[in-house]
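Take the sequence shown: its letters are residues 1 to 287, numbered as in the UniProt record's numbering.
Glycine included, every Cβ here is placed at the ideal spot set by N, Cα and C.
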Amino acid sequence: MLRCIATDMDGTLLNAKQQISKENETALKQAQEKGIEIIVATGRSYFEAASVLEEAKLECPIICVNGAEIRNEQGEKVYSNPIPSELAKKVMNQLDERNYYYELYANSGTYTRDPKLGLAVLKDLFQSANKEAVPWMEMEEEARKRFEEGHVKVVEDYQLLVDEPSFELYKLLVFDKDHDALQKAALELEDPDLAITSSAFGNIEINYKSAQKGIALEAFVQKKGIPLSETLAVGDQLNDLSMLEIVGTAVAMGNAAEEVKQIAHYITSTNNENGVARAITKYMNLM
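Laid out in structure tokens, this is it:
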């Protein structure tokens, strides 16, 4: 029996244009009509994720920032798991020493110190999340839109933010075109109190150790009285592994990383071929 569906966003639910296709939208709404719980599990902040769901008129809870925050259907925060400030400062100092570009994801939004570099990074991130070629101008437009709509705020000093008592840091997103350098950085940053993963080729994501999609999803279904064995999760990247490893049905996108495909029970089509809709339809038909 299928009682809950958890889906990643970038490279999974969203196509190359960063949109939810009509097919995916329809499949999710049909699942909801059958009483199946739908939850989005993303590395995005709530503000970035919610805007896309609103366009598709989809209402559901969201596991944000890889599991550092959970919001209900109304957008209210019901759970958060930030990085302790002293640990955050230690990581930031290490990244600054190596001159890495990184953004802060927090309870008050996403922050950058260099919007020009951030714009270039975003275009590369969008492209790396989609295997098919996407026109450069489309990437430029999507990246600019993220800044213009206020999803990314510009600040001069990250340290001042972290020192604010009300500031909760959920994730540090680090980007570099040199994949080997990033892998080296991930090893150097290893800490038992950190969860270091990736959502695309060319980035690493740093969360608190217990801020992971799998941990957040398990807490969500337990509260709903739904066993993990009756939960389906679909994703494409390494930050999806923690939830795919624990559910009864793990679905990998056709464009997924090999590590994701290796643990999947089913490999669907790509994010540009309505892979989420295809997987939902397949498993709802088995009910």
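Problem set entry | Residues near asparagine 72 by beta carbon distance below 7 Å, same chain, minus five either side | Non-local beta-carbon contacts of asparagine 72 in its own chain, meaning distances under 7 Å to residues more than five positions away in sequence, involve Pro61 and Val78 in chain order.
Exercise. Helix, strand or coil: which one does DSSP assign to threonine 26?
Worked result: In the structure shown, threonine 26 sits in a helix (DSSP, three-state: H, G or I).
For this session: Check whether the Cβ atoms of alanine 6 and methionine 253 sit closer than 8 Å, and answer yes or no.
Result: No Cβ-Cβ contact shorter than 8 Å links alanine 6 with methionine 253.
Exercise. Measuring CA to CA, which of Gly75, Ala256 and Thr26 is closest to isoleucine 63?
Worked result: Check the Cα spacing between isoleucine 63 and each of Gly75, Ala256 and Thr26: the tightest is with Gly75.
Exercise. Does the count of Cβ pairs from the segment 168-176 and the segment 193-211 closer than 8 Å reach three?
Worked result: By the C-beta criterion, the segment 168-176 is judged to be in contact with the segment 193-211, since at least 3 inter-stretch pairs fall below 8 Å.
Problem set entry | Extent of the continuous beta strand (DSSP E) to which valine 260 belongs | Taken as a continuous stretch (DSSP letters only), valine 260 belongs to no beta strand (DSSP E), being part of the alpha helix (DSSP H) at 258-263.
Exercise. Any idea if methionine 92 is buried or exposed, counting beta-carbon neighbours within 10 angstroms, 16 or more meaning buried?
Worked result: So methionine 92 counts as buried.
Exercise. How about glycine 11 and asparagine 255: do their beta carbons lie closer than 8 Å?
Worked result: Contact: yes.
Exercise. Using a beta-carbon distance below 8 Å, is leucine 13 in contact with chain D?
Worked result: Structure shown: chain D not included; a single protein chain is present.
For this session: Return the chain-ordered ranges of every alpha helix (DSSP H) run that is complete within the segment 219-275 and spans a minimum of 4 residues.
Result: DSSP runs (the alpha helix (DSSP H)) wholly in the segment 219-275: 241-244 and 258-263.
For this session: Could you tell me the distance, in whole angstroms, from the CA atom of glutamate 168 to the CA atom of histidine 151?
Result: Answer to the nearest angstrom: the Cα atoms are 16 Å apart.
Exercise. By how many angstroms is the C-alpha of aspartate 163 removed from the C-alpha of valine 155?
Worked result: Answer to the nearest angstrom: the Cα atoms are 14 Å apart.
Exercise. On the three-pair Cβ rule with 8 Å, is the segment 7-27 touching the segment 37-53?
Worked result: When Cβ pairs closer than 8 Å are counted between the two stretches, the segment 7-27 is seen to touch the segment 37-53, the count reaching three or more.
Exercise. When the distance is taken between beta carbons, is leucine 161 closer than 8 Å to leucine 104?
Worked result: Result yes, Cβ atoms of leucine 104 and leucine 161 sit closer than 8 Å.
Problem set entry | From Ile36, Arg144, Arg98 and Gln19, residue whose alpha carbon lies closest to that of threonine 281 | Looking only at Ile36, Arg144, Arg98 and Gln19, the smallest Cα-Cα distance to threonine 281 is reached by Ile36.
Exercise. Count the other CB atoms within 10 Å of the CB of lysine 213; is the residue buried (16 or more) or exposed (fewer)?
Worked result: Burial call: buried.
Exercise. Considering only residues of the same chain and omitting the five flanking positions on each side of leucine 95, which have a CB-CB separation below 6 Å?
Worked result: Excluding five sequence positions before and after leucine 95, the CB atoms of its chain that fall closer than 6 Å to its own CB belong to Tyr102, given in chain order.
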